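Take 6 as the starting number for the sequence shown in this note's numbering and just add one per residue. Ideal Cβ placement from N, Cα and C applies to all residues, glycine included. Here the structure is a predicted model, which means the values were calculated and not measured. Here is the structure we will look at, set down as structure tokens.
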Amino acid sequence: MSVVVVQPSRTRFFPFDARQVSLDGGFWGDRIQINRERTIPHGLDQLRKAGNLNNLRLAAGAGGDYHGFADSVGAVFPFLDSDVYKWLEAVGWELARARDPGLASAADDVIGLVGAAQRPDGYLNSYVQVVGGGVPYRDLSWGHELYCLHHLIQAAVAWHRALDDDRLLTIAVRAADHLPSALVDGHPGIEMALVELGRVTGERRYLTMAAEMVERRGHGTLPGAERFGATYWQDHEAVRDAASVAGHAVRQLYLDCGAVDVAVELGDDRLLAAVRRRWDDMMRTRTYLTGGMGSRHRDEAFGDPYELPPDRAYAETCAAIAAVMLAWRLLLATGEVGYADTIERTMFNGVLPGISLTGTEFFYTNPLQRRTHRVPGGTGERRPWYPCACCPPNLMRMLSSWEQYLATYDDSGIQLHQYASADIVSGPVRLRMRTGYPWDGRVTVHIVETPPEPWTLSLRVPRWCRSATLTGPDGTLAAGAGPVKRHRRWRAGDVVELDLDLPARITEPDPRVDSVRGCVAVERGPLVYCVEAADAPERTEIEELAWDPSRDLTSVPRPDIAPAMIGVDVPVTGGESAGAIPYFAWANRGVGGMRVWIPR
Numbered sequence: 006m007s008v009v010v011v012q013p014s015r016t017r018f019f020p021f022d023a024r025q026v027s028l029d030g031g032f033w034g035d036r037i038q039i040n041r042e043r044t045i046p047h048g049l050d051q052l053r054k055a056g057n058l059n060n061l062r063l064a065a066g067a068g069g070d071y072h073g074f075a076d077s078v079g080a081v082f083p084f085l086d087s088d089v090y091k092w093l094e095a096v097g098w099e100l101a102r103a104r105d106p107g108l109a110s111a112a113d114d115v116i117g118l119v120g121a122a123q124r125p126d127g128y129l130n131s132y133v134q135v136v137g138g139g140v141p142y143r144d145l146s147w148g149h150e151l152y153c154l155h156h157l158i159q160a161a162v163a164w165h166r167a168l169d170d171d172r173l174l175t176i177a178v179r180a181a182d183h184l185p186s187a188l189v190d191g192h193p194g195i196e197m198a199l200v201e202l203g204r205v206t207g208e209r210r211y212l213t214m215a216a217e218m219v220e221r222r223g224h225g226t227l228p229g230a231e232r233f234g235a236t237y238w239q240d241h242e243a244v245r246d247a248a249s250v251a252g253h254a255v256r257q258l259y260l261d262c263g264a265v266d267v268a269v270e271l272g273d274d275r276l277l278a279a280v281r282r283r284w285d286d287m288m289r290t291r292t293y294l295t296g297g298m299g300s301r302h303r304d305e306a307f308g309d310p311y312e313l314p315p316d317r318a319y320a321e322t323c324a325a326i327a328a329v330m331l332a333w334r335l336l337l338a339t340g341e342v343g344y345a346d347t348i349e350r351t352m353f354n355g356v357l358p359g360i361s362l363t364g365t366e367f368f369y370t371n372p373l374q375r376r377t378h379r380v381p382g383g384t385g386e387r388r389p390w391y392p393c394a395c396c397p398p399n400l401m402r403m404l405s406s407w408e409q410y411l412a413t414y415d416d417s418g419i420q421l422h423q424y425a426s427a428d429i430v431s432g433p434v435r436l437r438m439r440t441g442y443p444w445d446g447r448v449t450v451h452i453v454e455t456p457p458e459p460w461t462l463s464l465r466v467p468r469w470c471r472s473a474t475l476t477g478p479d480g481t482l483a484a485g486a487g488p489v490k491r492h493r494r495w496r497a498g499d500v501v502e503l504d505l506d507l508p509a510r511i512t513e514p515d516p517r518v519d520s521v522r523g524c525v526a527v528e529r530g531p532l533v534y535c536v537e538a539a540d541a542p543e544r545t546e547i548e549e550l551a552w553d554p555s556r557d558l559t560s561v562p563r564p565d566i567a568p569a570m571i572g573v574d575v576p577v578t579g580g581e582s583a584g585a586i587p588y589f590a591w592a593n594r595g596v597g598g599m600r601v602w603i604p605r
């Protein structure tokens with residue numbers, strides 16, 4: 006049994022079992038440790054306070070009032086069970102990494118509560134059972150029933166694969182078997198979950214149901230389209246035919262994750278091509294520099310092509326996570342490392358900004374500009390939780406499974422996609438990767454053990470890198486963007502060193518993005534940078550900054566923000582400089598103005 010988030014039966018690249026990849030300090034090791042020691046315990050505390058666990062107790066027969074924040078039209082949020090399931094998924098991956106008796110005991114209690122809430126017929130949804138009169142599937146547009154089931158299944162898969170624990174899987178199978186047919190839910194996600202459930206159980210009926218759900222969407226079957234239109238939930242055009250992404254960003258990306266899973270299992274090249282076509286269009290016309298997606302607040306949706314306002318960016322944290330999930334599936338399915346480039350950019354600049362450096366405060370939306378004199382209630386202040394708290398536990402499960410996204414293998418050898426200090430074991434091959442990335446561009450790979458037969462080691466040179474060299478037993482060579490492969494008979498003790506040049510650089514926007522035309526952004530390596538008010542010249546508001554192209558950018562240490570962090574001094578008019586820090590680290594020093602794009 007492989008400990009993986011996604012386990013396709015046929016694919017170009019194969020994911021490593023989480024037990025084969027272990028992080029050893031460094032940037033990502035530190036982030037995972039914070040997630041384990043602070044974020045996940047914080048999440049449990051917030052689930053208790055917010056009433057998510059209490060709602061399940063009510064469904065199990067306890068007395069009391071249902072807890073659920075009311076939205077702008079007075080409706081109680083019906084999807085709060087999903088946050089519990091995402092937390093459980095994160096715990097499953099973490100317990101596979103290191104046994105924690107306290108965390109395991111808390112999770113046992115939550116799993117027991119989920120089981121007690123399930124009806125004898127297998128149905129499970131606390132909102133419907135307690136508030137909705139007990140009648141299932143009567144509000145598929147807005148009810149989120151299958152969305153909640155999706156996260157229950159994903160948690161069950163994690164516990165089954167990571168811990169060989171089938172308590173959640175038994176619950177999830179009974180809940181999935183309660184579905185009367187291939188329904189179309191207002192919030193996609195169930196499609197990829199059912200495919201994974203089929204992979205775990207060996208029952209093809211789940212794949213068949215997922216495939217039917219994909220085919221049924223796009224034919225105007227969901228009622229209630231007058232609120233945002235059928236595009237909101239991608240019910241306006243068949244999945245096979247839609248040329249571009251549309252509507253609610255997370256819904257679109259989750260739907261395409263499921264479509265890729267179905268396509269891979271069925272060998273459906275046309276369906277896979279449709280997803281890739283939408284992906285290419287999305288990356289070209291509807292993706293922020295940070296990898297963020299979704300430019301409209303009203304319906305959390307993609308906008309028109311090149312509609313990417315920095316100050317009004319919605320860029321929901323969940324959308325960035327969904328983009329990583331989709332890029333990973335496309336990478337496995339195609340073997341094209343450009344998808345790994347997107348994973349890198351989005352993880353550093355789209356996902357990580359959603360969580361504070363301490364691990365206990367969050368962003369739901371991620372604008373690329375915050376005005377000094379903002380409207381009250383605007384963006385820019387992190388919160389310990391949200392009434393609609395989809396993003397915090399989503400971050401927990403993403404970070405808990407992150408080591409699974411670092412590398413892949415195929416019949417020829419091993420591909421290193423993301424750079425971190427980690428040990429990787431693949432049969433008779435054992436690698437030790439060490440790096441100071443993203444602050445330092447040197448990645449050293451030690452061949453600790455190897456078979457006598459030749460095999461191929463592949464390392465990715467990111468698209469942002471303008472100069473790279475690879476040094477190894479065969480000498481040193483210059484390397485361009487893309488995969489750099491070395492096929493040889495390796496020996497224990499061999500060392501391969503990839504040096505990525507990462508000076509600070511200026512990035513200009515596509516001129517069709519009219520909201521930032523005439524501006525520049527600062528990047529260094531895989532990181533997008535921003536200037537906060539705290540680092541602007543004295544008596545200068547963030548809106549007054551203008552880049553001075555006559556002087557160079559300078560990389561400088563920023564231990565005041567975090568150990569090992571590298572900042573950039575940006576020359577601005579008036580002979581002064583503004584300090585830029587990685588965008589993921591903004592809003593950790595209080596609330597103030599911030600901008601990524603700086604006028605010339």
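Length of the line joining the Cα atoms of residue i and residue j
{"i": "L507", "j": "E408", "result": "24 Å"}
{"i": "E231", "j": "L174", "result": "38 Å"}
{"i": "A526", "j": "E549", "result": "15 Å"}
{"i": "S27", "j": "P516", "result": "43 Å"}
{"i": "G69", "j": "G418", "result": "58 Å"}
{"i": "R221", "j": "S405", "result": "33 Å"}
{"i": "L475", "j": "T413", "result": "20 Å"}
{"i": "Q25", "j": "A541", "result": "45 Å"}
{"i": "R291", "j": "D285", "result": "10 Å"}
{"i": "L154", "j": "R317", "result": "32 Å"}
{"i": "Y410", "j": "I158", "result": "20 Å"}
{"i": "R303", "j": "V81", "result": "18 Å"}
{"i": "P467", "j": "A345", "result": "9 Å"}
{"i": "L331", "j": "T455", "result": "32 Å"}
Counted within 10 angstroms of its Cβ, other Cβ atoms place residue i as buried (16 or more) or exposed
{"i": "G580", "result": "exposed"}
{"i": "T440", "result": "buried"}
{"i": "M403", "result": "buried"}
{"i": "C114", "result": "Looking at the sequence itself, residue 114 is Asp, so the reference to Cys does not match. The residue in question, D114, is exposed, as its Cβ has fewer than 16 Cβ neighbours within 10 Å."}
{"i": "P185", "result": "exposed"}
{"i": "A279", "result": "buried"}
{"i": "R204", "result": "buried"}
{"i": "H492", "result": "exposed"}
{"i": "L100", "result": "buried"}
{"i": "M438", "result": "buried"}
{"i": "V78", "result": "Note that V78 has pLDDT 49, beneath the 50 cutoff, so the model's placement of it is unreliable and the number below is only indicative. Classification of V78: exposed, given that the 10 Å Cβ count is below 16."}
Reference residue i; option with closest CA among the options
{"i": "E513", "options": "T322, R605, I45", "result": "R605"}
{"i": "A306", "options": "R282, D274, V89, L258", "result": "L258"}
{"i": "R496", "options": "G572, G56, P433, D445", "result": "P433"}
{"i": "Y293", "options": "P310, D428, M401, V140", "result": "P310"}
{"i": "T213", "options": "Q51, E366, V267, P46", "result": "V267"}
{"i": "R594", "options": "L464, T363, V577", "result": "T363"}
{"i": "H224", "options": "I45, V189, T545", "result": "V189"}
{"i": "P562", "options": "A585, M298, G30, G56", "result": "A585"}
{"i": "G446", "options": "Y414, A23, D519, F32", "result": "F32"}
{"i": "R275", "options": "A394, G117, A247, M298", "result": "A247"}
{"i": "W333", "options": "N371, R281, E321, D316", "result": "R281"}
{"i": "M66", "options": "T44, Q134, R102, F82", "result": "With the sequence shown as reference, residue 66 is identified as Gly, and Met is not the correct amino acid for it. Here the closest residue by C-alpha is Q134."}
{"i": "A567", "options": "D557, R556, W591", "result": "W591"}
{"i": "I116", "options": "Y152, R62, G148", "result": "R62"}
{"i": "I348", "options": "A328, L357, G359", "result": "A328"}
CB of residue i within 9 Å of CB of residue j, strictly
{"i": "V136", "j": "G73", "result": "yes"}
{"i": "G127", "j": "H183", "result": "yes"}
{"i": "Q180", "j": "G97", "result": "One point to set straight first is that residue 180 is Ala, not Gln, in the sequence displayed. No, these two residues do not count as a Cβ contact at 9 Å."}
{"i": "Y319", "j": "G296", "result": "no"}
{"i": "L49", "j": "A121", "result": "no"}
{"i": "Y142", "j": "N354", "result": "no"}
{"i": "D29", "j": "V9", "result": "no"}
{"i": "L632", "j": "G191", "result": "Residue 632 lies beyond the range of the chain shown here (6 to 605); nothing can be said about it."}
{"i": "L85", "j": "N60", "result": "yes"}
{"i": "A198", "j": "H253", "result": "no"}
{"i": "D88", "j": "P398", "result": "yes"}
{"i": "V250", "j": "M218", "result": "no"}
Distance cut-off 8 Å: residue i Cβ against heavy atoms of the ligand ADP
{"i": "V11", "result": "The ligand ADP is not part of the structure shown, which contains no ligands of any sort."}
Check your understanding: Any chance the segment 449-461 sits against the segment 490-507, with 3 or more Cβ pairs inside 8 Å?
Key -> yes
Review point. Contact between the segment 455-462 and the segment 323-342: three or more CB pairs below 8 Å?
Key: no
Review point. Counting pairs of beta carbons, one from the segment 384-394 and one from the segment 420-434, are three or more of them closer than 8 Å?
Key: no
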